[in-house]
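Beneath this line is the structure, given in structure tokens, with notes to follow.
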Amino acid sequence: MIERKERKPYWRDTKWQMMASLIPFLAVVIVLPLYAERLNSNRFLGFPLGYFLAAHGLVLIAVITVASFVNRQDAIDHWHGAHEDH
Amino acid sequence: MLAEQLGAEAAQVRLLILTVPLVLIAIVGVATRTRQASEFFAAGRRVPAVYGGLTFAISAFGGTGLLAITGAFFLIGFDALCLAIGGLAGFVVMGILLAPFLRKFGAYTIPSYLGARFESAALRMVAAVLISVPVAMFLVAELKMAMFATSFLTGASGLANLLSIGLVVAVTIGAGGYRAVAWSGVAKSILVILALLLPVTIIGIWLTNLPLPQLSQGPLVRSFSRLEAAQLPIVIAPGLAFDMPSDALTALGKRYAAPFGAIGPHGFVTIMLTIMMGIAVAPWLLPRIASAPGVYQARKSLGWATLVFGLVMLTCDRPPFFCVPSSSRILLPARSPNGFGSWRHSGWPKLWPERAALMPAG
Numbered sequence: 783m784i785e786r787k788e789r790k791p792y793w794r795d796t797k798w799q800m801m802a803s804l805i806p807f808l809a810v811v812i813v814l815p816l817y818a819e820r821l822n823s824n825r826f827l828g829f830p831l832g833y834f835l836a837a838h839g840l841v842l843i844a845v846i847t848v849a850s851f852v853n854r855q856d857a858i859d860h861w862h863g864a865h866e867d868h
Numbered sequence: 012m013l014a015e016q017l018g019a020e021a022a023q024v025r026l027l028i029l030t031v032p033l034v035l036i037a038i039v040g041v042a043t044r045t046r047q048a049s050e051f052f053a054a055g056r057r058v059p060a061v062y063g064g065l066t067f068a069i070s071a072f073g074g075t076g077l078l079a080i081t082g083a084f085f086l087i088g089f090d091a092l093c094l095a096i097g098g099l100a101g102f103v104v105m106g107i108l109l110a111p112f113l114r115k116f117g118a119y120t121i122p123s124y125l126g127a128r129f130e131s132a133a134l135r136m137v138a139a140v141l142i143s144v145p146v147a148m149f150l151v152a153e154l155k156m157a158m159f160a161t162s163f164l165t166g167a168s169g170l171a172n173l174l175s176i177g178l179v180v181a182v183t184i185g186a187g188g189y190r191a192v193a194w195s196g197v198a199k200s201i202l203v204i205l206a207l208l209l210p211v212t213i214i215g216i217w218l219t220n221l222p223l224p225q226l227s228q229g230p231l232v233r234s235f236s237r238l239e240a241a242q243l244p245i246v247i248a249p250g251l252a253f254d255m256p257s258d259a260l261t262a263l264g265k266r267y268a269a270p271f272g273a274i275g276p277h278g279f280v281t282i283m284l285t286i287m288m289g290i291a292v293a294p295w296l297l298p299r300i301a302s303a304p305g306v307y308q309a310r311k312s313l314g315w316a317t318l319v320f321g322l323v324m325l326t327c328d329r330p331p332f333f334c335v336p337s338s339s340r341i342l343l344p345a346r347s348p349n350g351f352g353s354w355r356h357s358g359w360p361k362l363w364p365e366r367a368a369l370m371p372a373g
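Top line first, the protein sequences correspond to chains A and B. Residue numbers for the first sequence follow this note's numbering, beginning at 783 and rising by one. Residue numbers for the second sequence follow this note's numbering, beginning at 12 and rising by one.
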């Protein structure tokens, strides 16, 4: 169980981690498809680059975002003693 | 296929395809019957992250996504990505902002969370009423797809099929609650993924001699784009245009990989963000997190959900390319008045839908 004096720093770290994971991801998701047309003149593995990045690239970015969030949030939980026994 | 080789009629095979999974699901439902609240609402909080994520992704995708998103990719190509990216981003938002906190609080459903958090029974009622609206809409869409699929398989009228499906669902949920839904959902999700991946991979190997159709079909896309460049104009939709294809047969109007022909750039971003928020707070998805064993597992299951959803989304955009015949057969006039039947490949529609799913072009 988390100690009382740990609550504020725990919440602060959690909040920063949340923003650090979400904001760059959302920025890429919103901006990347808008540039797809210009990127399409290049090729990657035979795919038009814009299409490849908007489909495969975003999947990769999403998975990396969640995976890194899970690991780092777990580290924050352990650091502040907020983790459950598992 | 085995039944076919044993000499069964096509109609019998179809009936078998329909009844065997339904009976299996009903058996799972009855076998997992329970009367305990934590078992009924949260599957005893024992569903591991991998299975949790699997059911998350596949139930977000649903029968609707399987048919409609694949169809949208077929007709408007790149622009259909707004649906898929929206779902993908929805899982990221849900995993980071919502699900771990709901799980930590320990509530079974969203109304019970709001009711307990703000200590208000009225709020709980209001939340339950509000939530039933999107759930009812989703249910109608899913049931319509189920009716479509079952009428294709049995040839019977829609209502009889609807009643039989409703019966199985009622037996499953009534007896086992979420425990039955979770475990039969795992079985269903594995079936859905296999049903999607296997044909796409097999046809992919036929066409390009390479497995992993998600990555290896670049050259196919390129030859496809060349044919399109010769026959289709470049279309640029106005900024907020949102021109989703209807379920009627239409002729192909835009190039596959060129963005914003049917949906304008602003429309694309708006729809993407709308779907993202919709998936992130979806009342038929979010309460599933209650079944995760702990907060860490809850976060992890959303990671798996993102991965599975991404895989499904990258598989769903493949089928359009299977309708490109080998190089000698060229697409037919794109804006033919006959629509669907006569573009891209003349030999294909005759086989469709009986055999097309498992036959290479030609």
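Just so it is clear, CB atoms sit at the ideal spot from N, CA and C, and this is done for glycine as well. Just so it is clear, the structure is predicted and the values come from calculations on it, not from any experiment.
Where B:ALA368 sits in the DSSP three-state scheme: With a pLDDT of only 36 at B:ALA368, under 50, the local geometry of the prediction cannot be trusted, and the value read off the model is given with reservation. Residue state, collapsed to three classes: helix.
Member of B:GLY166, B:PHE85 and B:ILE176 whose CA lies at the smallest distance from the CA of B:ARG25: B:GLY166
Through-space distance from B:ARG135 to B:PRO331, alpha-carbon basis: 46 angstroms
Reference B:LYS265; option with closest CA among B:GLY82, B:PRO249, B:ALA240 and B:ILE282: B:ALA240
Runs of alpha helix (DSSP H) lying entirely within the stretch 107-176 of chain B, each at least 4 residues, in chain order: 110-116, 121-128 and 132-165
Members of the stretch 92-119 of chain B near chain A, C-beta cut-off 8 angstroms: LEU92, CYS93, ALA95, ILE96, LEU99, ALA100, PHE102, VAL103, VAL104, GLY106, ILE107, LEU108 and PRO111
Residue range of the unbroken alpha helix (DSSP H) whose run includes B:ASN220: B:ASN220 -> no alpha helix (DSSP H), and no H or E assigned at all.
From B:SER227, B:LEU77, B:SER312 and B:ILE282, residue whose alpha carbon lies closest to that of B:LEU296: B:SER312
Cβ pair B:ALA193, B:THR317 closer than 8 angstroms: no
Per-residue DSSP class, three states only, for B:PRO330: helix
Cutoff 8 angstroms: B:TYR62 Cβ touching any chain A Cβ: no
Any C-beta of chain A under 8 angstroms from that of B:ASP328: yes
For A:ARG789, the residue or residues it bridges with in DSSP: Paired residue(s): none; A:ARG789 is not in a bridge.
Contact with chain B by A:ALA849, beta-carbon distance below 8 angstroms: yes
Residue(s) in a DSSP beta bridge with A:ARG825: A:PRO830
Other residues of its chain near B:ASN349: CB distance less than 7 angstroms, five sequence neighbours each side excluded: For B:ASN349, the predicted structure reports a pLDDT of 40, less than 50, and the residue's modelled location is therefore unreliable. A value from the coordinates is still provided. If we look at B:ASN349 and ignore the five residues flanking it on each side, it has no Cβ neighbours.
Neighbour flag for A:ILE858 against chain B, beta carbons, 8 angstroms: no
Residue burial classification, B:LEU202 (beta-carbon count within 10 angstroms, cutoff 16): exposed
Contact check, B:ARG56 vs B:SER302, beta carbons under 8 angstroms: yes
Reduced DSSP secondary structure (H/G/I, E/B, other) of B:PHE84: helix
Check whether B:ALA71 and B:ILE300 have beta carbons under 8 angstroms apart: no
Beta-carbon proximity check, B:THR212 vs B:PRO230, cutoff 8 angstroms: no
is_contact[B:MET324, chain A] using C-beta, thresh 8 angstroms: yes
Range of the contiguous alpha helix (DSSP H) that encloses B:MET283: 276-291
Cβ neighbour criterion (16 or more within 10 Å) applied to A:GLY805: The displayed chain sequence assigns Ile, not Gly, to residue 805 of chain A. By the neighbour-count rule (16 or more Cβ atoms within 10 Å), A:ILE805 is not buried but exposed.
Where B:PHE253 sits in the DSSP three-state scheme: strand
CB-CB length for A:TYR833 against B:PHE89, believed under 8 angstroms: 6 angstroms
Neighbourhood of B:GLY74 by C-beta distance below 8 angstroms, restricted to the same chain and skipping five residues each side: GLU153, MET156, ALA157 and ALA160
Contiguous beta strand (DSSP E) assignments of at least 3 residues, all confined to the stretch 32-96 of chain B: none
Exposure label - A:TRP793; buried when at least 16 CB within 10 Å: exposed
Within 8 angstroms, strictly: CB atoms of B:ILE286 and B:GLY97: yes
Exposure label - B:SER200; buried when at least 16 CB within 10 Å: buried
Chain B contacts made by the stretch 816-830 of chain A, where a contact means CB separation under 8 angstroms: LEU816, ALA818, GLU819, ASN822, ARG825, PHE826, LEU827, GLY828, PHE829 and PRO830
Reference B:PHE320, options B:LEU208, B:ALA147 and B:PRO222, closest by Cα: B:LEU208
Within 8 angstroms of chain A by C-beta, residues of the stretch 305-317 of chain B in sequence order: GLY305, VAL306, TYR307, GLN308, ARG310, LYS311, LEU313, GLY314 and THR317
Short CB-CB distance (under 8 angstroms) between A:HIS862 and chain B: no
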